[in-house]
Structure formats: C-alpha cells, structure tokens
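If you use our numbering, the sequence shown corresponds to residues 1 to 505, in order.
For every residue, glycine included, the Cβ atom is placed at its ideal position computed from N, Cα and C.
Since we're looking at a predicted model, the values are computed, not measured.
What follows is a short report on a single structure.
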Amino acid sequence: MPQNCAFLNCPHSRRYEGISLFRIPFPKSSDSEHTSLLKLEAREAWKTAILRTRQETSDLKERFVKHNIFLCEVHFEQDCIESFPFTDAHGDEKIRKRLQTGSVPTLNLPVKTLDSLPGSSTPQQRRTIVRHDAPSTSTASASRADKTPSFDDLKTYFKREYLYLHGWTVNVSDTNIIVEMREQGYLIPKYYIQIEETLEVTVSVYGATVPDTSALFPTGISRLLCKYKDLHDLLCGLEICCGISLISVEPEQRVSDETFLHVIPLVAAKQQSPVNYCQVRRSLKCEVLVEQGTNKCRPCCKIDEKMKKEANPVVHTTVYGPVTPVSPAKRKAPLSKCSSAKLQATVKDERLKLKEAELKCTQLEERIKRMEEEISSHGVRIDDEMSKSFLSILDQTNLQTTPHMRLVFEQQQKAMMTNKYSQRWHPHFIEFCLSIHAKSSSVYNELRKSEQNPDGILYLPHERTLRDYRNHFKPGSGFVLGNIELLKSIVKTYEGIMFILLVTY
Numbered sequence: 001m002p003q004n005c006a007f008l009n010c011p012h013s014r015r016y017e018g019i020s021l022f023r024i025p026f027p028k029s030s031d032s033e034h035t036s037l038l039k040l041e042a043r044e045a046w047k048t049a050i051l052r053t054r055q056e057t058s059d060l061k062e063r064f065v066k067h068n069i070f071l072c073e074v075h076f077e078q079d080c081i082e083s084f085p086f087t088d089a090h091g092d093e094k095i096r097k098r099l100q101t102g103s104v105p106t107l108n109l110p111v112k113t114l115d116s117l118p119g120s121s122t123p124q125q126r127r128t129i130v131r132h133d134a135p136s137t138s139t140a141s142a143s144r145a146d147k148t149p150s151f152d153d154l155k156t157y158f159k160r161e162y163l164y165l166h167g168w169t170v171n172v173s174d175t176n177i178i179v180e181m182r183e184q185g186y187l188i189p190k191y192y193i194q195i196e197e198t199l200e201v202t203v204s205v206y207g208a209t210v211p212d213t214s215a216l217f218p219t220g221i222s223r224l225l226c227k228y229k230d231l232h233d234l235l236c237g238l239e240i241c242c243g244i245s246l247i248s249v250e251p252e253q254r255v256s257d258e259t260f261l262h263v264i265p266l267v268a269a270k271q272q273s274p275v276n277y278c279q280v281r282r283s284l285k286c287e288v289l290v291e292q293g294t295n296k297c298r299p300c301c302k303i304d305e306k307m308k309k310e311a312n313p314v315v316h317t318t319v320y321g322p323v324t325p326v327s328p329a330k331r332k333a334p335l336s337k338c339s340s341a342k343l344q345a346t347v348k349d350e351r352l353k354l355k356e357a358e359l360k361c362t363q364l365e366e367r368i369k370r371m372e373e374e375i376s377s378h379g380v381r382i383d384d385e386m387s388k389s390f391l392s393i394l395d396q397t398n399l400q401t402t403p404h405m406r407l408v409f410e411q412q413q414k415a416m417m418t419n420k421y422s423q424r425w426h427p428h429f430i431e432f433c434l435s436i437h438a439k440s441s442s443v444y445n446e447l448r449k450s451e452q453n454p455d456g457i458l459y460l461p462h463e464r465t466l467r468d469y470r471n472h473f474k475p476g477s478g479f480v481l482g483n484i485e486l487l488k489s490i491v492k493t494y495e496g497i498m499f500i501l502l503v504t505y
C-alpha cells in the first residue's frame with residue numbers, strides 16, 4: 001500500500017517532494033523503559049486523532065497492527081522535527097528529517113462537520129507530549145521549556161539546586177559548565193559532562209569519551225538539543241559497555257590495532273599496593289554507553305566474534321581424519337593439473353598479494369602528494385635568468401682543476417652502479433668522510449642515503465666502515481718498523497704524563 005498521510009482529505013504522499021512522512025511510533029525490544037512509555041502514549045494519541053474523523057475498519061485495524069500508518073510533517077510543530085543535512089550517492093545535498101520521540105500531531109487536523117456548526121463547542125486543544133517533566137503553570141511556560149535552552153539559560157538554570165542532581169557537583173564558568181558524579185573508591189568521576197558555550201557536549205564515563213554514535217546521542221550530533229534534565233535522564237537510563245571479554249584467549253599484539261585498554265584508577269587501601277586500578281579492553285569504536293539489557297556495544301561484539309573465530313578455527317574433518325590446509329600452486333605449475341582446493345588457495349594468495357601491493361601504492365602516492373605539498377608551500381621559485389646563471393656556473397666548472405670534486409663524483413657514480421656489499425671506497429674519500437663524521441655525526445647521517453634515510457643526498461660509507469679506518473696501521477708479521485717509527489714521531493712532542501700514558505697504552 002502506498003505511504004499516504006492517514007488523516008482524512010490530506011493529499012500528501014511520497015510523491016510530494018520536500019514533504020516528509022513519519023511512521024506511527026511503536027516500542028522496540030532495544031528501547032529503554034522511558035522511551036517505550038513515550039512511544040506508547042504517542043501511539044494512542046495518533047490513533048485517537050486519526051479515528052476522530054475515520055471509521056475503524058478491518059483494513060485500518062490491520063494497518064495499525066502492522067504499523068503501516070503515516071502522517072505528514074504539516075501536522076506537527078517545527079520544534080518536534082529535527083533536520084540533518086546529508087549527501088546522497090549522486091553527490092547532491094539533501095535534508096533528512098526525524099520526528100522526536102513522543103511527538104503527536106497538533107496542526108492542520110481534520111475537522112468534523114458538526115464542529116463547524118453554530119453553537120457547537122470548539123474541539124479540545126491537543127498538546128505535545130514530547131517530554132515528561134513537572135507540569136507547568138501555563139501554556140507559554142510549557143512551550144518555552146520545550147525549546148532548546150541557550151548557554152545563558154543553562155547558567156541561570158544551574159544556579160538553583162534540584163533533587164535529581166543530589167550527589168552531583170556543578171561548576172559554572174563563563175565559557176563552560178562542568179557536571180560530575182563520583183563514586184566511592186574511584187579516583188576519577190563516573191560521569192563527566194562538559195557543556196561548551198556553543199552547546200557542544202562532551203560526556204565521558206570513567207575517563208572514556210562517549211562518541212557521537214552512542215545511544216546517548218540519538219541524532220548523531222553531540223550538541224544539547226533538549227533540556228539538560230532530558231540528557232541527564234537518558235544518561236542515567238543507559239548501561240556501561242562491558243568491553244571485550246576474550247582478552248586472555250587472544251594475544252594482545254593481535255588486537256592492539258583495533259582496541260585500547262581502558263584503565264580506571266582506584267583508591268588504594270592500606271593493605272593493597274599504592275597503585276590500584278581496574279582495566280577493560282574496548283574497541284576503538286566503542287560506544288561506551290548502551291541500552292538497558294544490551295551489556296555490550298556493536299563494535300565490541302564484532303571484535304569478540306572475530307576473536308572467537310580466530311581462537312577456535314574451523315577444522316574440516318573427513319573419515320580419514322582432519323584435512324590439512326592446502327598451499328597455493330607454484331608459479332609454473334599447470335592449472336589443469338591442480339585441484340579445486342589448490343586453485344582456491346592460489347586465488348586467495350594472489351588477492352592478498354594484490355591488496356599488499358595496492359596498500360604500498362597508496363602509501364607511495366600519499367608520500368608523493370605530501371612531498372608535492374611541501375614543495376609548493378616551502379619551495380623557492382627560480383626565474384629563467386637565475387636558472388641560466390646556475391647552468392652557466394656548472395658548465396664553467398672544470399672537474400680537472402678540482403681533483404677532490406672529481407673524486408667525489410667518481411665515487412658517487414661507482415656507488416650507484418655497484419652493490420653496496422661489494423663497494424670499495426677510495427682512501428682519500430674515506431678521509432673526507434671521517435672529517436665530516438668527526439665534526440658532526442648527525443649531519444653525516446642526514447647526508448648519507450640509506451634505507452633508514454631515503455631522503456639522503458650522497459652515497460657514503462656506513463659508520464661501521466668508518467670505525468675500521470680510525471687509527472689505522474698497515475698490518476704485518478712481528479714488529480712492523482714503519483708503525484714503530486710513526487709512533488715515535490707522534491709522541492716526540494708529548495711531555496710528562498701524556499708520554500707515559502701513551503707508551504703504557
């Protein structure tokens with residue numbers, strides 16, 4: 001049946017663009033007791049308003065049972081409708097509308113013929129039952145309470161004491177409002193609510209921040225869109241997620257990238273150690289707060305299921321015993337001679353390799369993009385005249401007149417063409433590298449191109465290679481006369497204690 005407005009003579013349906021239709025509320029198994037009560041009361045109000053001008057036929061009864069009753073947005077006040085902008089699959093900006101829980105129709109209601117006759121009493125004014133608070137003294141005060149309060153209203157609101165805030169501490173400043181509730185035996189508050197001047201709300205439970213996807217924020221936005229008491233009642237009506245339960249089964253290294261350890265410090269007793277705490281492992285996407293009776297959020301449940309599968313892998317058995325896993329086929333193996341299981345294993349292995357290659361390509365593309373951004377932001381643009389002057393200087397440079405520069409270029413060309421494990425360096429180039437390393441080892445490591453430093457400029461010997469050339473003597477059998485004469489010439493200028501120490505060494 002098409003989704004049309006259930007009110008008599010209301011023409012709106014799904015064919016009208018910009019007009020939203022809302023389904024009749026009905027309680028779900030995941031709803032809390034407070035939410036279910038609101039939905040039941042709103043459902044009865046909807047049914048009364050619809051049956052006021054329509055006869056309850058068997059078809060209409062069946063639609064009520066199947067929750068196939070819709071009302072358009074023109075029958076509700078604007079305060080009862082929440083709008084959220086989103087982008088569809090085609091990239092177009094659209095608006096999604098949602099009806100607040102407990103809202104009933106009050107505008108543009110169908111009127112009976114007897115209601116318009118002279119002398120007939122005016123129909124009873126309907127009211128919106130969006131929230132359950134203390135009854136107000138007038139209609140103006142009730143409509144004012146339904147609106148979203150401003151930051152100044154909240155500051156005025158928290159100047160008074162309320163019975164439901166017994167055991168909570170409130171700290172009001174010019175920029176934010178902090179509400180805390182502590183439990184005995186814990187060093188950090190159980191509930192921590194911070195309301196910014198822009199009405200942005202930050203809620204944490206034992207130090208863990210509640211995300212926007214939690215049941216505490218049904219709209220998906222961490223803003224105060226209702227009265228504070230409604231947020232307080234919803235917070236107290238939710239349970240704390242118990243986290244992941246299979247920590248001991250799964251090694252910690254395999255879940256560290258998907259989970260985090262939620263540590264809650266406790267007050268240490270005299271008999272206990274000075275550092276006392278309890279800990280819970282949670283998913284990185286843990287919702288922290290869940291509905292009553294759920295005990296665990298969906299991200300933590302997914303990781304639990306994943307860990308159970310990995311801890312208890314499915315072993316296929318036959319009458320001959322368990323089936324061993326099949327290895328993929330070799331590169332030159334004929335596919336016509338391979339079994340179906342081996343072909344499946346080969347396809348899986350190729351897909352894994354393809355995913356790894358795609359990941360490496362993505363990382364390289366991000367690195368190139370980051371380098372291009374750095375060049376565009378920090379690079380110095382050279383005009384044509386300066387570029388020509390640099391080229392002329394390089395052309396006029398004669399490597400034959402500067403043998404040291406020629407040696408450096410030759411060593412670089414040789415290092416680029418040979419394997420790094422079979423590289424032999426020129427002694428004069430080794431002395432040049434030793435002088436740089438002696439002045440600054442960090443500068444030497446920055447200049448040297450290696451796997452750890454791919455952004456290096458020159459091919460230079462490793463520090464272990466330079467270590468072998470310090471205080472080097474030509475080896476020989478027995479006492480080498482040349483080495484002894486060299487030592488004599490070195491210590492000839494030394495006097496006193498320095499000479500004795502060197503000779504002893």
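Throw me the rounded Cβ distance for the K155 and V179 pair, which I believe falls under 8 Å. The Cβ separation is near 13 Å, so there is no contact.
By Cβ distance below 7 Å, which residues in the same chain neighbour S121 in space, the five residues on each side in sequence not counted? With a pLDDT of 47 at S121, under the threshold of 50, the modelled position of this residue cannot be trusted; read the value that follows with caution. There are no such residues.
Status (buried if at least 16 other CB within 10 Å, exposed otherwise) for E366: So E366 counts as exposed.
Are at least three pairs of beta-carbons, each pair with one atom in the region 205-217 and one in the region 6-17, less than 8 Å apart? The count of Cβ pairs closer than 8 Å, one atom from the region 205-217 and one from the region 6-17, stays below three, leaving the stretches out of contact.
Determine the burial state of E252: buried for a count of at least 16 other Cβ atoms within 10 Å of its Cβ, exposed for fewer. Its pLDDT being 47, under 50, E252 is placed unreliably by the model, and the measurement read from it follows with that caveat. So E252 ends up on the exposed side.
Taking the alpha carbon of T101 as the reference point, which residue from F76, R331 and K94 has its own alpha carbon closest? Selected option, being the one with the closest Cα: F76.
Report the rounded CA-to-CA distance for Q423 versus R467, giving the unit in angstroms. Distance between the alpha carbons of Q423 and R467: 16 Å.
Between the CA atoms of E463 and K439 - distance to the nearest angstrom: Straight-line measurement puts the Cα of E463 at about 14 Å from the Cα of K439.
For the beta strand (DSSP E) that S283 lies in, which residues bound it at each end? First-last of the beta strand (DSSP E) with S283: N276 to S283.
Indicate whether at least one CB of chain E lies closer than 7 Å to the CB of V111. You won't find chain E in this structure, because it holds only one protein chain.
Look at C286 and C301 and say whether their C-beta atoms are less than 7 Å apart. No, the Cβ-Cβ distance between C286 and C301 is not below 7 Å.
L94 - partner residues in DSSP beta bridges: The sequence shown places Lys at residue 94, rather than the Leu named in the question. In DSSP, K94 forms a bridge with F86.
Tell me where the alpha helix (DSSP H) around E41 begins and ends. It spans E33 to L51 - the alpha helix (DSSP H) in which E41 sits, taken as one unbroken run.
What number of angstroms, rounded off, separates the C-alpha of N4 from the C-alpha of Q363? When the Cα atoms are used, N4 and Q363 turn out to be separated by approximately 52 Å.
Can you give the Cα-Cα distance for D59 and V65, rounded to whole angstroms? Near 10 Å, if we compare the C-alpha coordinates of V65 and D59.
Span of the beta strand (DSSP E) around N483: No beta strand (DSSP E) holds N483; the alpha helix (DSSP H) holding it covers L481 to V491.
Going by DSSP, what residues sit across from Q412 in a beta bridge? According to DSSP, Q412 bridges with nothing at all.
Could you tell me whether the Cβ atoms of C242 and K190 are closer together than 7 Å? No. Outside cutoff.
Give the secondary structure of H428 by DSSP, where H, G and I count as helix, E and B as strand, and everything else as coil. Helix at H428.
Assigned exposure category for I177 - 16 Cβ within 10 Å defines buried: Only buried fits I177, as 16 or more other CB atoms lie within 10 angstroms of its CB.
Output the distance between the C-alpha atoms of W46 and L21, rounded to the nearest integer angstrom. Their Cα atoms are separated by approximately 14 Å.
By DSSP, does K403 sit in helix, in strand, or in coil? According to the sequence shown, residue 403 is Pro rather than Lys. DSSP, reduced to helix, strand and coil, places P403 within a helical segment of the structure shown.
Specify, as a first and last residue, the run of the alpha helix (DSSP H) that L234 falls within. L234 -> alpha helix (DSSP H) spans Y228 to C236.
For the beta strand (DSSP E) holding V514, just list the boundary residues, first then last. Here the chain covers residues 1 to 505 and nothing more, so residue 514 does not appear.
Taking Cβ positions, are H428 and Q411 nearer each other than 7 Å? For H428 and Q411, no; Cβs fall outside 7 Å.
Nearest by alpha-carbon distance to F260: which of R282, N276 and H437 is it? With distances taken between CA atoms, F260 lies nearest to R282 out of R282, N276 and H437.
Quick one, which of T219, T175, T57 and P149 has its alpha-carbon nearest I81's? Closest by alpha carbon: T219.
Alpha carbon to alpha carbon, how far is L224 from Y157? Give it in angstroms, no decimals. Going from the Cα of Y157 to the Cα of L224 covers about 14 Å.
For the alpha helix (DSSP H) that E365 lies in, which residues bound it at each end? DSSP places E365 in the uninterrupted alpha helix (DSSP H) bounded by S340 to H378.
The ligand COA heavy atoms versus the CB of C226: any closer than 6 Å? As presented, the structure is devoid of all ligands, the ligand COA included, so that no description of it is given.
Taking just the CA atoms, how far does V288 sit from A333? The C-alpha of V288 is placed about 52 Å away from the C-alpha of A333.
In the DSSP assignment, what are the bridge partners of C72? For C72, which the question treats as bridged, DSSP gives the partners L21.
Please state whether DSSP places N445 in a helix, a strand or coil. Taken through DSSP and simplified to helix, strand or coil, N445 comes out as helix.
Indicate the three-state DSSP secondary structure (helix, strand or coil) for F158 in the structure shown. In the structure shown, F158 sits in coil (DSSP, three-state: anything other than H, G, I, E or B).
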